[in-house]
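Residues in the sequence shown are numbered consecutively from 1, following the UniProt record's numbering.
All C-beta atoms in this analysis are idealised placements derived from N, C-alpha and C, irrespective of residue type, glycine included.
In this text the structure is predicted, and so the values were computed from the model without any measurement.
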Amino acid sequence: MSFLNNSPFSFQLSRRALFKLGGLATISMGFPGCDLGSMFAVPPRETTYFTSNDKFYTVNFMDASYNFTRDLDVEQWKMVVKGAVERPLVMKWRDLLNRESFDQAVTLMCIDTLPGGSSLGTAMWRGISLKKLLQDIGADEDTARDVIFRASDGYSDSIPFARAMEDDVMLAYLMNGEKLPKDHGFPVRLIVPGLYGIKNVKWITEIEVYNGDYLGYWQQKGWTDDGTIHIFSRIDSPGHYQSLQASQQRLRGIAYGGPESISEVQLSFDQEKTWVSAEIEPPLSPLTWVIWNYHWSPPRPGKHMVSVRAIDTKGKIQTSEITRPQPAGATGLHSIVLNVLNA
């Protein structure tokens, strides 16, 4: 089978390439929330550093966002902090606002995101330090193993106590300078950079310092308890199967390293035999994706397959191995086909 016509410039994509492009549909079967429809940008996607609140992805363990937030009186809201602590605390909205806050840009990503998918976004978050809160109430650092977060909708998950005590973990109440939208966890949500969205609990009403290993909603269904994001990269423009007229083309997209920053983004035009480096726009934060650009001169008319991969600051190369989202997040490279017309 070939994507191409019978022109003298035609070439056949390998069986491996066809599997990469078509076989990815198989890995998403049966997984609600998978964004298969966004794997290929048709038309091309706009690439911006920050994602507006109204375009930021939402995925919930229920079919819709928790309805209670629609009519929530924030003055009636409270958050209980308990467990292996010396001074259990009931925190209200004003207590939250009166604590020292900080801002940080962080990319969040859904564990169901497929290669080239759109269930990720970057925002500027404002909130309080979870570490300082736990220190203030005397969390038992000798016996604590997990910190559990329970939400108003019945959802729960945990992160290791050691991770909770790192400076970048926050309880956020502002998103891109606005009050946290109800779809994104109003009045407060957890932000843990580098961990998939299942760990970033929304609508928090209870935090428990726990001296055991807690398994949350998705872990009880066989999903990962680690939640570390795999290296991800995406081609946003041109779009898949887009016809190109000009001799010079700018390819553009994003790359995200999860717990590590991205040091290099590479493109392949020969089905991953060789790679060339793209230019990376300096990010505002090491906790976010990067935007990359590459200026390409098509060598001939016809169909051209383009693949992208990223390398993090520790030298780890994004894997081309295709795996399904369950249990620990999908892997694989994003590839598209471009149709270069005669000049």
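Using the C-alpha atoms, what's the distance from residue j back to residue i?
i                 : j              : result
serine 320        : threonine 143  : 40 Å
proline 115       : leucine 333    : 6 Å
glutamine 76      : lysine 92      : 8 Å
valine 188        : glutamate 208  : 16 Å
isoleucine 198    : glycine 227    : 8 Å
isoleucine 235    : serine 119     : 14 Å
alanine 25        : alanine 139    : With a pLDDT of 48 at alanine 25, under the threshold of 50, the modelled position of that residue is not reliable, and the figure given next carries that caveat. Each residue's alpha carbon lies about 46 Å from the other.
glutamine 326     : serine 158     : 18 Å
lysine 314        : valine 74      : 43 Å
tryptophan 203    : threonine 274  : 47 Å
phenylalanine 186 : tyrosine 241   : 40 Å
methionine 165    : glutamate 272  : 41 Å
glutamate 206     : valine 81      : 6 Å
tyrosine 214      : arginine 150   : 12 Å
glutamate 279     : valine 265     : 7 Å
serine 38         : isoleucine 137 : Any reading at serine 38 must be qualified, since the residue scores a pLDDT of 47, below 50, and its modelled position is unreliable; no value is offered.
isoleucine 291    : arginine 94    : 38 Å
Skipping 5 residues on each side, what residues in its chain have a beta carbon closer than 7 Å to that of residue i?
i              : result
isoleucine 231 : Gly257, Gly258, Ala310, Asp312, Lys316 and Gln318
glycine 329    : Ile111, Tyr196, Ile229 and His230
glutamate 178  : Asn53
glycine 83     : Glu208, Val209 and Tyr210
Identify, in the order they occur along the chain, each residue of the same chain with its Cβ nearer than 6 Å to the Cβ of residue i, setting aside the five sequence neighbours on each side.
i              : result
isoleucine 128 : Arg99, Ser101 and Leu171
leucine 174    : Arg126
threonine 58   : Asp183
Out of the options, point me to the one whose CA is closest to residue i's CA.
i              : options                           : result
aspartate 146  : Arg163, Gly138 and Ile336         : Arg163
glutamate 141  : Asp157, Val306, Gly212 and Glu279 : Gly212
lysine 303     : Ile204, Ser297, Asn339 and Ile322 : Asn339
aspartate 153  : Glu166, His184 and Gly138         : His184
asparagine 293 : Gln249, Ile336 and Arg300         : Gln249
arginine 300   : Pro283, Ser285 and Phe269         : Phe269
lysine 182     : Asn60, Glu46, Pro88 and Thr51     : Asn60
proline 88     : Ala105, Arg252, Gln135 and Leu108 : Gln135
serine 233     : Gln271, Tyr214 and Met109         : Met109
glutamate 86   : Glu46, Tyr57, Val106 and Leu133   : Leu133
isoleucine 218 : Asp95, Thr205 and Asn200          : It should be pointed out that residue 218 corresponds to tryptophan in this sequence rather than to isoleucine. The shortest Cα separation from tryptophan 218 among Asp95, Thr205 and Asn200 belongs to Asn200.
serine 277     : Leu287, Glu260, Arg252 and Thr288 : Arg252
aspartate 225  : Arg150, Pro160, Thr122 and Gln104 : Pro160
glycine 216    : Val90, Asp103, Pro286 and Tyr155  : Tyr155
threonine 48   : Leu267, Arg94, Gly121 and Met305  : Gly121
lysine 131     : Met124, Ile262 and Ile191         : Ile191
Which partner residues does residue i have in the DSSP bridge list?
i             : result
aspartate 312 : Ile262
glycine 302   : Val340
threonine 331 : Thr323
histidine 240 : In DSSP, histidine 240 forms no bridge with anything.
glutamate 279 : Asn293
arginine 234  : Ile254
threonine 228 : Leu195
Skipping 5 residues on each side, what residues in its chain have a beta carbon closer than 8 Å to that of residue i?
i           : result
leucine 244 : Pro238, Pro298, Leu338, Asn339, Val340 and Leu341
What I want to know is whether the C-beta of residue i ends up closer than 7 Å to one or more non-hydrogen atoms of the ligand ATP.
i             : result
asparagine 98 : No copy of the ligand ATP appears in this structure; indeed no ligand is present at all.
Can you list the beta strand (DSSP E) stretches of 3 or more residues lying completely in the UniProt domain "Oxidoreductase molybdopterin-binding" (71-218), in chain order?
-> 78-83, 89-92, 101-109, 120-129, 146-151, 156-160, 170-175, 189-191 and 204-210
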